[in-house]
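Position 107 (the sequence shown) corresponds to 673 in the working numbering; numbering is contiguous.
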Amino acid sequence: MSFFNGLNINASGLALNRLQMDVSSTNIANVNTNTTPEGGPYKAKTVQFSENLMAHQADLNDPSSSLNSPSYGVKVTGITANQNVKRTYDPTNPNADANGYVAQSNVNLADEMVKMIQAQRSYEANVSATEMNKSILQKALQISLNG
Numbered sequence: 567m568s569f570f571n572g573l574n575i576n577a578s579g580l581a582l583n584r585l586q587m588d589v590s591s592t593n594i595a596n597v598n599t600n601t602t603p604e605g606g607p608y609k610a611k612t613v614q615f616s617e618n619l620m621a622h623q624a625d626l627n628d629p630s631s632s633l634n635s636p637s638y639g640v641k642v643t644g645i646t647a648n649q650n651v652k653r654t655y656d657p658t659n660p661n662a663d664a665n666g667y668v669a670q671s672n673v674n675l676a677d678e679m680v681k682m683i684q685a686q687r688s689y690e691a692n693v694s695a696t697e698m699n700k701s702i703l704q705k706a707l708q709i710s711l712n713g
C-alpha cells in the first residue's frame with residue numbers, strides 16, 4: 567500500500583468526471599445534428615465505467631473475493647452510443663424517407679444538462695477530497711519530521 571493511493575483514486579475520479587463532461591458537452595453540441603459523416607443522425611453517447619480493483623488479489627473462481635480486493639478508483643470501460651432512433655414527420659425535408667419521416671438526433675437536452683451538473687458536482691467533490699488527502703499527507707510528513 568502506497569501513501570499516494572488516495573491521490574491516485576482521486577485522480578481517477580477527476581479524469582472520469584472530465585470525460586463525462588466532455589461527452590455531455592459533445593452531445594449537447596450535436597443536439598440538432600441530423601446528418602453525420604457516418605450517415606444518419608448523431609447518436610447520444612454515454613461513458614461506461616467500473617470500479618478499478620486490484621486484479622492480482624481477486625480469485626477468478628470466487629466471485630466474493632472481489633469484495634475483499636482493494637479499490638484503486640474507477641476505470642472507463644467504454645463509450646457507448648444510444649441506438650434508439652428518434653423520428654419526426656416532415657415530408658418536405660430532403661432527408662425524409664418514403665413515408666415522410668426524418669431520423670433525428672436522439673440527444674435529450676434536459677438529460678444531458680443533468681448529467682453535466684452531476685459530473686461537475688462529482689468533480690468538485692473529488693477536488694475537495696484531493697485537497698483533504700494532500701492535507702493529511704502534509705500533516706503526516708510534519709509529524710515524521712518533528713517526531
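All residues carry an ideal CB built from backbone N, CA and C; glycine is no exception. Predicted model, so just to flag it, every value in this text is computed and none were measured.
- Selection Val673, Asp656, Lys652, Ile645 evaluated against Leu582 yields Ile645 as nearest (Cα-Cα).
- The beta carbons of Val651 and Asn593 sit no closer together than 8 Å.
- Contiguous alpha helix (DSSP H) elements confined to the stretch 591-670 do not occur, taking only those with 4 or more residues.
- One Cα belongs to Lys609, the other to Gln586, and the distance between them is close to 16 Å.
- Asn672 carries a coil assignment under DSSP once its states are collapsed to helix, strand and coil.
- Ser671 sits close to Val597, with the two beta carbons spaced by under 8 Å.
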